[in-house]
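The block underneath contains the structure these notes are about, expressed in structure tokens.
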Amino acid sequence: MKIYISADIEGIGCIVRQEQSSPAGREYAWARKMMTEEVNAAVRGAFDAGATEVVVSDSHNVGLNLIPDELDDRVSLVMGSPRPLCMMEGVEMGFDAAFLVGYHGMAGTAGANIVHVFTGRIAEVRVNGTTIGEIGLSAGIAGYYGVPVALVTGDDKAGIEAEKLLTGVVTVAVKRGISAYAAMCLPPKKSRERIYEGVGKALSRKDRWRAFRVDGPADLQVRFTTASSADRTLRIPGVERLDGVTVTFHGKDFIEAFKAFYTMTDVIELVSFI
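Read in order, the letters of the sequence shown correspond to residues 7 to 280 in this note's numbering.
This is the structure:
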């Protein structure tokens, strides 16, 4: 049994503010350890439940957050950026199931901790009319390759989001979101225990797994927080403006739509001089 793990940092227990997840933040070194240990809990759970191979994707920022020397030595690690499939690079190699560890709710979710979709400049993402966040984007990439998401860990709001979207998913809440920058957190040891137990539960219900597939064309709509961000994305072939802050892209499939979105996030974060 092959398992793919995509690990973000904002949904890790006791990470409640962006300065903890930024390399410039004074608590970043500690946050890296927290992230690494929650991933290790998922890895141990997977191998103990019969996994024969586990690939981990470091999926926060530029992919240099997990501490390789402290990571379970049975895994292969995807690091660095850029990557064609971003947070899900490597899932195309074929896996029985994927886990999303340390994920967070989509932008605009009330009471959710550190919400966003790739960047704070994006207010909403829709694919074929359905609003999704990073959970949905990652699940859609996995689903394109026939891989179901069996486990999602993060705050309670991320769990609710995942359960609404993904059939058969097991969710583990390591904190209860209070606001964008506050949460009630479990002790780190308890978070890891719950993740380990959640993995066992997820891998015991294979009959319930269903890949999140967007079959056929994928119509992408992205609503930004400012008109200037929308302005920048119009340089991308195929992107059209719907209103001052919203653009659309018609993809032949989910992967083409995702890559257009990924390019948008790069473009709006760059400073343009001409």
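Every residue gets a Cβ at the ideal spot worked out from N, C-alpha and C, and that includes glycine.
| Query | Result |
| --- | --- |
| Nonlocal neighbours in the same chain, by C-beta distance under 6 angstroms from R219, ignoring five residues either side | G149 |
| Rounded C-alpha distance that separates Y34 from D249 | 38 angstroms |
| Backbone CA spacing between R19 and D102 [nearest angstrom] | According to the sequence displayed, residue 19 carries Gly and not Arg. About 26 angstroms. |
| Close Cβ partners of G165 (< 7 angstroms) along its chain, the five nearest in sequence each way excluded | V158, T177, A179 |
| Alpha-carbon to alpha-carbon, I274 and E167 | 26 angstroms |
| DSSP bridge partner residues for G160 (one or two, in chain order) | Y109, A179 |
| Among K196, A13, A52, F264, nearest to E86 - alpha-carbon criterion | The question names Glu, but residue 86 in the sequence shown is Gly. Checked all of K196, A13, A52, F264; the closest Cα to G86 is A13. |
| E1, enclosing beta strand (DSSP E) - first and last residue | Only positions 7 to 280 of the chain appear in the structure, and residue 1 is not among them; the question remains open. |
| Proximity test, T58 beta-carbon vs the ligand GTP heavy atom, cut-off 7 angstroms | In the structure shown, the ligand GTP is absent, as is every other ligand, since no ligand is present at all. |
| Helix, strand or coil at L72 [DSSP, three-state] | coil |
| Nearest-angstrom Cα separation, counted from N67 out to D272 | 12 angstroms |
| Where K8 falls: helix, strand or coil (DSSP) | strand |
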